[in-house]
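**Q** Can you read through this structure? Questions will come right after.
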Amino acid sequence: MSTFYFIAFLSIFFSILVITAKNPVHSILYLILTFFTFTIHYILLNAQFLAIVNFIVYMGAILVLFLYTLMLINLNKDSEPVKPFMVKVAGVFGGGILAVALTSSLKLVAASNPVVLQDPNLGLVKNLGKVLFNEFLLPFEVSSVLLLSAMVGAVLLATKDPKTAA
Amino acid sequence: MGTDLIFRIVLIVIIFLISLVVAMYSTYAERKIAAFFQDRIGPNRAGPWGILQPLADGGKMFLKEEIIPTNATPFLFIVGPCLAILTACIGSAVIPWGQKMVVGGHTIDLQVTDINVGVLYIFGVVSLGVYGVMIGGWASNNKYSLLGAIRAASQNISYEISMGLSIIALLMLTGTLSLKEIAEQQHGANWNVLRQPLGFLLFIVCAFAETNRTPFDLPECETELVGGYHTEYSSMKLGFYLFAEYINMFISSAVMATLYWGGYNYPGMDWVLAHTGPAIGPLIGTVVLFAKIFLFIFFFMWVRWTIPRFRYDQLMDLGWKILIPLAIGNIVLTGVVSTALKHFGF
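Sequences listed follow chains Z and E, in order. In this text, residue positions in the first sequence follow the numbering used here: the first is 13, and each later residue adds one. In this text, residue positions in the second sequence follow the numbering used here: the first is 811, and each later residue adds one.
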């Protein structure tokens, strides 16, 4: 349990750093650390497959693309352009209202029972696969076709000759 | 439990040392092989046949002046090479180096840890490897470094997809993600490469791209980018980047040998095992595994000194328009053939 609190503290700590870091590249690096702590959370929950997939997909692919884009657009300026005063006031106001809404919604939340793991092997690939292919076959297949078609579409867009396309 | 833990720690240290020594002597082998291909002699001054050359190089790297450029981000500038070498080293944890050894009543497992998502772990480590290059290239605050880093990122992501797809076809046959079970299934000469030749071809091409070896070494293409992502690096920080490449080569050779070329298995291993006993027999398997690894490392070098590097658009074309369709085709083919074989009762 103490491991959980330590990792949870790190998650929150790094996610605060993500939004307070001045340099966008630094904030992406903190985001990577935040996702790394999520991976540890999954391992603590015995969900090894989810942990490693979170690791590969979020840390290994999506955040690399984030970093890639930021490095390209952030070549020479370290600071953001100065925003007008009214925009800052509006931002503070909006954020404050959101904070009030979130804290008030906390009143409705009852403390949940600590998670008791019924089956320690629940998160293994074999069990996860059985659940996915027996109970959630249709949504699983549909989403896989969606992802595959997105990839094929990207390749197709790249293959298209600009002369004939125009 | 206590002795098991001690064996494991010893094994970790041994594997770490072996990776470092292999990486060290890979630099020597690379220079000798390059010399052979170019009809030269190669390094021959330090020690007999120049075999102390890696030590001399290492000493030189350590003693050179440490330079952190004024405009660099100091912390990330140091984190870059550290991450590169860290990700290169942790990949070896799930590779089965041999069968179980029995010495004096103790069973020794020649694998640091057998996690049931071993293949994915390797994959995760590989995908993390790009951060060392990206962070180092960005923190240098140099346009050549940045271009090198960006090239590395896009190249790694592109080739990871076809690498993953080629592994999926293999997993359809093995039915497990544990590298230990995959190695055990290939007992004798029942190697996966016989059933997945196209998958192996795709995997080795992607391995070349992921380790930034020629013909995919565009991140450090010196004719266009000075030194690529490590332009600003000096002394041992540069050494870490170069070293990480060789360790990556060693680990990816080990992964290829384990996934496709039978790992520690070889024809007639049962006969050898029966005649040498459970203490020595598994070690012969380990030697066989290392022979395969060295063959792959030689292959990496052979290709480097034979084939010129790609142009960047050719690299992207190869990754997205040739390898990915081939890998998807391979998955379909594997599915159809294995289902047909099962259906007609072979």
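By construction, the Cβ of each residue, glycine as well, lies at the ideal position given by its N, Cα and C atoms.
#1: Beta carbons nearer than 8 Å to chain E: which residues of the stretch 70 to 83 of chain Z have them?
#2: Report the neighbours of Ala963 (chain E) on chain Z: residues whose CB is nearer than 9 Å to its CB, in chain order.
#3: Cβ closer than 7 Å: which chain Z residues qualify as neighbours of Tyr931 (chain E)?
#4: How long is the line joining the alpha carbons of Ile24 (chain Z) and Trp1071 (chain E), rounded to whole angstroms?
#5: If you scan the stretch 1105 to 1151 of chain E from start to end, which runs of the alpha helix (DSSP H) of 4 or more residues do you find wholly inside it?
#6: Tell me, to the nearest whole angstrom, how far the beta carbon of Tyr1074 (chain E) is from that of Leu1099 (chain E); I am working on the premise that it is less than 8 Å.
#7: Spell out whether any CB of chain Z is found under 8 Å from the CB atom of Ala1067 (chain E).
#8: Between Cys899 (chain E) and the rest of its own chain, which residues show a CB-CB distance below 8 Å, the 5 nearest in sequence each way excluded?
#9: Which residue comes first and which comes last in the beta strand (DSSP E) that contains Ile918 (chain E)?
#10: Here's the rule I'm using: 16 or more other beta-carbon atoms within 10 Å means buried, otherwise exposed. How should His1085 (chain E) be labelled?
#11: Under the DSSP definition of a beta bridge, which residues are partnered with Val912 (chain E)?
#12: Compare the C-alpha of Leu930 (chain E) against each of E:His1153, E:Val1142, E:Leu1069 and E:Phe1109 and name the closest.
#13: Buried or exposed: which applies to Leu160 (chain Z), given that a residue is buried once 16 or more other Cβ atoms fall within 10 Å of its Cβ?
#14: Starting from the beta carbon of Lys990 (chain E), find every residue of chain Z whose beta carbon is closer than 9 Å, and list them in chain order.
#15: Please list the residues of the stretch 1128 to 1150 of chain E that have a C-beta atom closer than 7 Å to any C-beta atom in chain Z, keeping them in chain order.
#16: Are the Cβ atoms of Thr49 (chain Z) and Ile19 (chain Z) separated by less than 8 Å?
#17: Please work out which residues of its chain come closer than 7 Å, Cβ to Cβ, to Asn881 (chain E), disregarding the five sequence neighbours upstream and downstream, and give them in chain order.
#18: For Val832 (chain E), collect the residues of the same chain with a Cβ closer than 6 Å to its Cβ; drop the 5 residues on either side in sequence, then sort them by chain order.
#19: Is His38 (chain Z) helix, strand or coil when you go by DSSP?
#20: Name the chain Z residues that come within less than 7 Å of Gly934 (chain E), Cβ to Cβ?
#21: Do you know how far the Cα of Leu1136 (chain E) is from the Cα of Ala178 (chain Z)?
#22: Does Leu7 (chain Z) have its Cβ less than 8 Å from a Cβ in chain E?
#23: Determine, using beta carbons only, whether Met944 (chain E) comes closer than 8 Å to chain Z.
#24: Mind pulling the chain Z residues with CB within less than 9 Å of Asn766 (chain E)?
#25: Enumerated in chain order, which unbroken segments of the alpha helix (DSSP H) with a length of 4 residues or greater are wholly contained in the stretch 962 to 1015 of chain E?
#26: Who are the neighbours of Phe61 (chain Z) on chain E, taking C-beta pairs under 8 Å?
#27: Look up Thr32 (chain Z) in the DSSP assignment and say whether it is helix, strand or coil.
#28: So, with DSSP's three-state summary, where would you put Ala856 (chain E)?
#29: Counting only Cβ pairs nearer than 7 Å, list the residues of chain Z close to Val940 (chain E).
#30: When you compare only the Cα positions, how much space is there between Leu168 (chain Z) and Cys1016 (chain E)?
#31: What are the residues in the stretch 969 to 1003 of chain E lying within 9 Å of chain Z by C-beta distance?
#32: Within the same chain, show all residues whose beta-carbon is closer than 7 Å to that of Ala903 (chain E), passing over the 5 residues directly before and after it, in chain order.
#33: How is Ala178 (chain Z) classed by DSSP in three states: helix, strand or coil?
#34: Hey, could you find the ends of the alpha helix (DSSP H) Asn1058 (chain E) is sitting in?
#35: With a CB to CB cut of under 7 Å and the five nearest residues on each side skipped, what residues in its chain are close to Lys42 (chain Z)?
**A** So, from the data block:
#1: Met71, Gly72, Ala73, Val76, Leu77, Leu79, Tyr80 and Met83
#2: Val76, Leu77, Leu79, Tyr80 and Met83
#3: Ile64
#4: 45 Å
#5: 1122 to 1127
#6: 4 Å
#7: no
#8: Phe826, Ser829 and Ile1057
#9: His916 to Ile918
#10: exposed
#11: E:Thr917
#12: E:Leu1069
#13: exposed
#14: Ordered by position in chain Z, no residue passes the 9 Å Cβ test against Lys990 (chain E), which lies about 15 Å from the chain.
#15: Trp1130, Lys1131 and Ile1134
#16: yes
#17: Asn951
#18: Phe1060
#19: helix
#20: Ile64, Phe67, Ile68 and Gly72
#21: Caution is warranted here: a pLDDT of 45 is assigned to Ala178 (chain Z), below 50, making its placement in the model unreliable, and the coordinate value is therefore given only provisionally. Cα-Cα distance, rounded: 29 Å.
#22: Since the first residue shown for chain Z is 13 and the last is 178, residue 7 (chain Z) is missing from the structure and cannot be characterised.
#23: yes
#24: Not covered by the structure: residue 766 (chain E). The range shown for chain E is 811 to 1156.
#25: 989 to 995
#26: Val927 and Leu930
#27: helix
#28: coil
#29: Val76
#30: 21 Å
#31: Glu970, Ile971, Gly974, Thr986 and Leu987
#32: Val922 and Thr923
#33: Note that Ala178 (chain Z) has pLDDT 45, beneath the 50 cutoff, so the model's placement of it is unreliable and the number below is only indicative. Ala178 (chain Z) falls in the coil class under three-state DSSP.
#34: Ser1045 to Leu1069
#35: Before going on, a small fix: residue 42 (chain Z) reads as Tyr here, not Lys. These residues qualify, in order along the chain: Phe26, Leu29, Val30 and Ala33.
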